[in-house]
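To start, the structure under review is shown below, and the notes come after it.
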Amino acid sequence: MHDDSLLYQVAESYFVQGMTTNAVGERLGVSRSTISRMLTEAKARGIVTITLRQPDKPSDRISRRFEDLFGVRSHIAGTTRGARSAQRLDAVSRYAADLLGRWVDDGTVIGVAWGTTTSTVASYLKQSTTSDVTVVQLNGAAGPRSTGIGTSTPVLATMAKAFNAQLYPFPAPAFFDQEEARALLWQESSVRRILAVRAATQIAVFSVGAFHGPVVSQVYSEGHLSPATLRSLNENRVVGDMCTVFIREDGSYADIELNRRASGPTPSELARIPRRLCIVSGRHKIPGILGALRSGAVTDLVIDDLTAREVLDRAG
204 MHDDSLLYQV AESYFVQGMT TNAVGERLGV SRSTISRMLT EAKARGIVTI
254 TLRQPDKPSD RISRRFEDLF GVRSHIAGTT RGARSAQRLD AVSRYAADLL
304 GRWVDDGTVI GVAWGTTTST VASYLKQSTT SDVTVVQLNG AAGPRSTGIG
354 TSTPVLATMA KAFNAQLYPF PAPAFFDQEE ARALLWQESS VRRILAVRAA
404 TQIAVFSVGA FHGPVVSQVY SEGHLSPATL RSLNENRVVG DMCTVFIRED
454 GSYADIELNR RASGPTPSEL ARIPRRLCIV SGRHKIPGIL GALRSGAVTD
504 LVIDDLTARE VLDRAG
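Residue numbers (my numbering): 204 to 519.
Dropping the structure here:
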């Protein structure tokens, strides 16, 4: 056992002055091995403490900017430089599936909006041991050309199976021809039951649809909207949709006429859900992503790193 002051002298010579153990030993007239043992003793007695600071990862800096600008938790999926759209979609879908596997507990109510992205997320879910979970469809899927069953059912069924959940499909069109028809259907007892389950959602899972790009959203590619309607949306500066409710890049949506005939929850309705997971990838969705973030509908964003940087650049 050595004196504290001697141990401090040895430690200060070695760690602060940068002397070697040989040089410190020669100064004190002891061997190199004795100096090594004294340094170990100085650490054990708290005379020497070592602090390591892990450098920030690029994804940490990106996440902080998303929180500062939009108040959301961002989850950055890493991709290789030059990754194609399919690779970006795959990366964010795997990440989102992992998050859901950790978030969903017994009794959780999950609301799901059908689409290409959520379908890919569902395909990566691992079988869970949860019980009493509910999966409810957030928006209708029927359209002029189809019943919507082939579009919405696979993603909902896959997710329900993964969580051993009871499934509540939403038997409604994606868009109504008339606002009055929507109001009448909403009064039906069977539909009110689904709407009540939807209102009890604890985790919403959705993406942002885009009019154009390598992966065009199903709501645009499957004939739900006429050419005249698409022109009207373009004239209204619409940049995409969430749960078949259309948004502008500034996050506004309330005065868009088609939204009064849409079956999905509005951003303000989504905002009542405790956790809202939005999964996005690809630069073609950037205006829509900004609209979603600015609307207040998102609490958690899963996004690939390349798209994330471009979103932040555009946001300024």
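No residue lacks a Cβ here, since even glycine has one placed at the ideal position from N, Cα and C.
Check, Outcome
"Beta-carbon proximity of Leu473 to Ala500, cut-off 7 Å", "yes"
"Start-to-end residues for the beta strand (DSSP E) that takes in Val505", "Asp503 to Asp507"
"7 Å CB neighbourhood of Asn225 in its chain, flanking five on each side removed", "Arg235"
"Residue span of the beta strand (DSSP E) that contains Gly416, given as start and end", "Neither: Gly416 is in no beta strand (DSSP E) and is coded neither H nor E."
"First through last residue of the beta strand (DSSP E) which encompasses Val441", "Val441 to Met445"
"Ala402 versus Pro376 - alpha carbon distance", "19 Å"
"Close beta carbons around Pro490, own chain, < 6 Å, minus the five adjacent residues each side", "Val442 and Glu452"
"DSSP state of Val338 mapped onto helix, strand, coil", "strand"
"Under the three-state DSSP convention, the category Gln330 falls into", "coil"
"Limits of the alpha helix (DSSP H) - the one that Gln212 falls within", "Asp207 to Ala214"
"Expected contact under 8 Å - CB spacing of Met362 and Val411 to nearest Å", "That belief does not hold up - the Cβ atoms of Met362 and Val411 are roughly 19 Å apart, past 8 Å."
"Cβ contact check for the region 210-222 and the region 234-251: 3 or more pairs under 8 Å", "yes"
"Which of helix, strand or coil DSSP assigns to Gly304", "helix"
"Neighbourhood of Leu515 by C-beta distance below 6 Å, restricted to the same chain and skipping five residues each side", "Arg268"
"Cutoff 6 Å; reference Val505; Cβ partners in own chain excluding five residues on either side", "His278, Val295, Tyr298, Ala299 and Ile482"
"Where His487 sits in the DSSP three-state scheme", "helix"
"CB of Glu513 within 7 Å of CB of Arg486, strictly", "yes"
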